[in-house]
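For the sequence shown, my numbering gives the first residue as 1008, with consecutive numbering after it.
Think of the CB as a built atom: it goes at the ideal place given N, C-alpha and C, for glycine as much as any other residue.
Since the structure comes first, as structure tokens, the remarks are kept for the end.
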Amino acid sequence: MQLLTFPFAEDSKDIQSFFLLDLFSQLKESSSKTALLALKPILQVAPAVWTFDLHKLEKTPALTELLKLQAVTKTVELTSWSCEREKLKSFLNCLPYISHLCCDEQFFQSVCEVLSADSKWNPKQIAELVRSLGFSISLIDMLPSRLCKAVASVFELLDKEEGISLSLLPQKISCQGCAYLFSNMKKLQTLRVNETATAKLARLVISDKEINAVTVEELSLVWSNSHLPERALCQLLGNLTSLLRVWTVHSLNLSEFKIEPHWLICLLCHQG
1008 MQLLTFPFAE DSKDIQSFFL LDLFSQLKES SSKTALLALK PILQVAPAVW TFDLHKLEKT
1068 PALTELLKLQ AVTKTVELTS WSCEREKLKS FLNCLPYISH LCCDEQFFQS VCEVLSADSK
1128 WNPKQIAELV RSLGFSISLI DMLPSRLCKA VASVFELLDK EEGISLSLLP QKISCQGCAY
1188 LFSNMKKLQT LRVNETATAK LARLVISDKE INAVTVEELS LVWSNSHLPE RALCQLLGNL
1248 TSLLRVWTVH SLNLSEFKIE PHWLICLLCH QG
């Protein structure tokens, strides 16, 4: 293969990535050091972004070794993933050799759910995942307390000065789950919350003095139900006000929460 003919299939980056991984694996198995050295120049020019379907990836340990050969770390894009514990654990070993990870917003949550079910799980690896995701985390749907506690153990390992961007949009979460998540949380770059999260957090900040010192650069309110009855909407704004009174919020973003002007006046009145 000549270097000038590479890269190929630029419109199908997953094909290119799988081809290189398969080629590397075969060369490793053949113990051909000369061929491996010849492969290195190719890795310096392509691909700019590694693209994989983790569900189909059978040679995850080989991927770690392949990424080690790069002169500089590059972005990895996951188009899909497996919920097999060993495959996820193996992929996490790749993180030191990845500059940025692009994936569906539910990947972090899925990894936490699967790996934390093992009593010997290591939250340090998932803390490295948070860094690869640019400290941008989404927690959605059903959030049992066990999962929230696992996520909290990951957050605890992060530098307290790092600004996490958290989207907390559950269908269901308990006050205990919220308490776990925010037990060591002192600073958030952005926080997106829906009605459910706002209600539980408001109850928590009123009753638990230990989590009162949270600083949020930008707080956003997001609709889960755009047809709230008037009484429920008033309660929601009251809950939001409780957060604004207790937390230090530098910016309130209502661009994802369309309300009539008179409700905005009510919000301002709530704040006193």
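{"Asked": "Leu1011, DSSP secondary structure in three states", "Found": "Only weak support exists for where Leu1011 lies, its pLDDT of 45 falling under 50; the value from the coordinates is given anyway. Correct three-state label for Leu1011: helix."}
{"Asked": "Span separating the alpha-carbon of Ser1126 from that of Val1083", "Found": "29 Å"}
{"Asked": "Residue closest to Gln1178, alpha-carbon to alpha-carbon, out of Leu1154, Asp1060, Leu1150", "Found": "Leu1150"}
{"Asked": "Lys1265 versus Ala1239, Glu1237, Val1229, Thr1248, residue with shortest Cα-Cα distance", "Found": "Val1229"}
{"Asked": "Exposure of Pro1068, with buried meaning 16 or more beta-carbon neighbours within 10 Å", "Found": "exposed"}
{"Asked": "Alpha-carbon to alpha-carbon, Val1056 and Gly1279", "Found": "Because the pLDDT of Gly1279 is 46, which lies under 50, any placement of that residue in the model is unreliable, and the number read from its coordinates should be weighed accordingly. When rounded, the distance between both Cα atoms is 51 Å."}
{"Asked": "Alpha carbon of Leu1198 to alpha carbon of Leu1176, nearest angstrom", "Found": "10 Å"}
{"Asked": "Same chain, Cβ closer than 7 Å to Leu1028, neighbours up to 5 away in sequence not counted", "Found": "Lys1066, Ala1069, Leu1070, Leu1073"}
{"Asked": "Separation of Lys1075 from Glu1135, as counted between CA atoms", "Found": "17 Å"}
{"Asked": "Cα-Cα separation between Ala1124 and Arg1153, rounded to whole angstroms", "Found": "9 Å"}
{"Asked": "Closest by C-alpha distance to Leu1085, when choosing among Cys1109, Leu1099, Val1079, Asn1100", "Found": "Cys1109"}
{"Asked": "Within the segment 1038–1089, ranges of the beta strand (DSSP E) (whole runs, at least 3 residues)", "Found": "1056–1060, 1081–1087"}
{"Asked": "Beta-carbon proximity of Ser1089 to Leu1095, cut-off 9 Å", "Found": "yes"}
{"Asked": "Proximity below 9 Å, CB of Leu1188 to CB of Leu1146", "Found": "yes"}
{"Asked": "Nearest neighbour of Asp1166, chosen from Leu1140, Ala1186, Cys1119, Lys1194 [CA to CA]", "Found": "Lys1194"}
{"Asked": "Between the CA atoms of Ala1220 and Glu1168 - distance to the nearest angstrom", "Found": "14 Å"}
{"Asked": "Classification of Gly1184 by the beta-carbon crowding that lies within 10 angstroms, buried from 16 upward", "Found": "buried"}
{"Asked": "Separation of Leu1164 from Trp1254, as counted between CA atoms", "Found": "22 Å"}
{"Asked": "Three-state secondary structure (DSSP) of Gln1300", "Found": "The shown model of the chain, from 1008 to 1279, leaves out residue 1300, and the question about it has no answer."}
{"Asked": "Where the alpha helix (DSSP H) containing Leu1175 begins and where it ends", "Found": "First-last for Leu1175: 1171–1180, but that is the beta strand (DSSP E), not the alpha helix (DSSP H)."}
{"Asked": "Straight-line Cα distance separating Pro1130 from Ser1160", "Found": "7 Å"}
{"Asked": "Residue burial classification, Pro1103 (beta-carbon count within 10 angstroms, cutoff 16)", "Found": "exposed"}
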